[in-house]
Amino acid sequence: MTRFALIGGFLGAGKTTLIGELASRYVAQGKRIGIITNDQAADLVDTQNLRAQGFAVGEVAGACFCCSFDEMVAAAKELGADAAPDLLLAEPVGSCTDLVATIILPLQQLLGEQFQLAPFGVMLKPGHGRRILAGGDSQTALSGFSPQAEYIFRKQLEEADYLMIGRADTMDQQQIDELKQRLSEVAPDVPVIAVSPRSGQGVDEVMQMMLSDLPAGQRLLDIDYDTYADGEAELGWVNLATSVQSMAPIDLNEVAEALVRHIGRQIVQQSAGAIAHVKASVSGDGTHAVANLVDNFGDVEVGLEAGHAVKGVIEIVINARVALDPQTLQQFCENALQGVAADQGWPIESINARSLRPGRPTPTHRVTQA
78 MTRFALIGGF
88 LGAGKTTLIG
98 ELASRYVAQG
108 KRIGIITNDQ
118 AADLVDTQNL
128 RAQGFAVGEV
138 AGACFCCSFD
148 EMVAAAKELG
158 ADAAPDLLLA
168 EPVGSCTDLV
178 ATIILPLQQL
188 LGEQFQLAPF
198 GVMLKPGHGR
208 RILAGGDSQT
218 ALSGFSPQAE
228 YIFRKQLEEA
238 DYLMIGRADT
248 MDQQQIDELK
258 QRLSEVAPDV
268 PVIAVSPRSG
278 QGVDEVMQMM
288 LSDLPAGQRL
298 LDIDYDTYAD
308 GEAELGWVNL
318 ATSVQSMAPI
328 DLNEVAEALV
338 RHIGRQIVQQ
348 SAGAIAHVKA
358 SVSGDGTHAV
368 ANLVDNFGDV
378 EVGLEAGHAV
388 KGVIEIVINA
398 RVALDPQTLQ
408 QFCENALQGV
418 AADQGWPIES
428 INARSLRPGR
438 PTPTHRVTQA
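Under my numbering, the first residue of the sequence shown is numbered 78, with each subsequent residue one higher.
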């Protein structure tokens, strides 16, 4: 029977990077792995990122898993068409919550003979955790997000079977302990793992947790869907894709970093809104680079580096999630693309872009009693 592991958490937490590391380690152990990604629109950087690493990836685009339950199940079955995976790793949209009621319990009740549910893990970025969980009147100003968006973040923590503090390599032990204490106030008696795919810290613990006999979906939320919908709708979403032709070899890492830096600079300089996640994928000639920016305060990171310089056709995908009007955010993304293209002497013939605010969640199933 295929084990189904859902990894939730807010935008920019580092879920995709962790999934890539987990998948690599499980494959090294001889396990068959499938991955399902999810987004409100097509052209998802995460899908390209994971496929570039050689994994079998299904994508559910156009709505969150909870609102596209049947499509999620179809993607899972397609990944098992030739041979059932030992483990499916599924990453829902980062602004989604109430996943125990809308995904885990429906899977258990409707498809329990096909899928064994792993404990539900939720990952958080330390910066979000420290600022949002600080409390007091200043918390919204510190986090950059509205009370409605913070509501989603807190609800994600409350329904977890276990929690993961991401980017643990950027923290000392005192900071980790302080954040664990904050988390214990929101989610008492929930195991917390400090994890860093980059350093390897905590990854083995997460693997053990996924394969443990800890019951999945132990915590049904008491949730206000009006507040939830308002929080999701505050984020502008942009997915943008194009291809260019480079006549000279180009460093894809530098291009990805420049694109994200250009977008982030416009947002910060104009005090436009809180960055949840901006990422760019640049690929060509069998290699791939991904750059990320996960808040207004940090720097751009190249999380996946290309192996060599590339000339010829180069594919570019940009995803941006910012508390900002979607049309303005799309313009920022297009400005960045045009600026980098001009620097490189690349003509851009067409851009495929989609900008939106997520609609009200309307789950396919919602279980109110375990």
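C-beta: ideal position from N, C-alpha, C; glycine also.
Quick caveat, the model's predicted, so the values are computed rather than measured.
Taking C-alpha positions only, Ile428 is separated from Val267 by approximately 45 Å. Beyond the five residues adjoining it in sequence on each side, Glu236 comes within less than 6 Å, by CB distance, of Val177, Arg296, Leu298 in the same chain, given in chain order. Annotated three-state conformation of Ser360 is strand, per DSSP.
His365 sits in a strand when the DSSP states are folded into three classes. Of all C-beta pairs linking the stretch 309-320 to the stretch 418-437, three or more are shorter than 8 Å, placing the two stretches in contact.
For Pro403, the enclosing alpha helix (DSSP H) stretches over residues 403-421. CA-to-CA, the gap between Gln106 and Leu99 works out to about 11 Å.
Within the same chain, and ignoring the five residues on either side of Val390 in sequence, the residues whose Cβ sits closer than 7 Å to its Cβ are Ser320, Gln322, Gly361. Taking the C-beta atoms as reference points, Tyr103 is found nearer than 8 Å to Leu164. Looking from the CA of Gln125, the closest CA among Met149, Ala400, Leu381 belongs to Leu381.
Pro424 and Ala418 have their C-alpha atoms some 7 Å from each other.
Secondary structure within the stretch 160-188: the alpha helix (DSSP H) runs of 4 or more consecutive residues, fully enclosed, are 182-188 (chain order). Distance check between Thr174 and each of Asn115, Arg231, Ala129 places Arg231 closest, using alpha-carbon atoms only. Look at Gln285 here: in three-state DSSP terms it is helix. Here Asp120 is near Asn316, since their CB atoms are less than 8 Å apart.
For Cys144 against Thr441, the beta-carbon gap comes to about 6 Å, under 8 Å, which counts as contact. One thing to note: Ala167 has its Cβ within 8 Å of the Cβ of Leu83.
If you look at Asp328, you'll find it isn't in any alpha helix (DSSP H); DSSP assigns it neither H nor E.
Sorting His365, Asn369, Met284 by C-alpha distance to the C-alpha of Gly198 places Met284 at the top. Under the criterion of beta carbons closer than 8 Å, Ala357 and Val371 do not qualify as touching, at roughly 13 Å. Within the same chain, Cβ atoms closer than 8 Å to the Cβ of Leu329 are found at Val359, Ser360, Gly361, Thr364, His365, Ala366, Ala383, Ala386, Val387, Ile391, the five residues on either side in sequence being excluded.
Counting along the chain, the unbroken beta strand (DSSP E) around Val269 starts and ends at 269-271. Collapsing the DSSP output to three states places Lys108 in coil.
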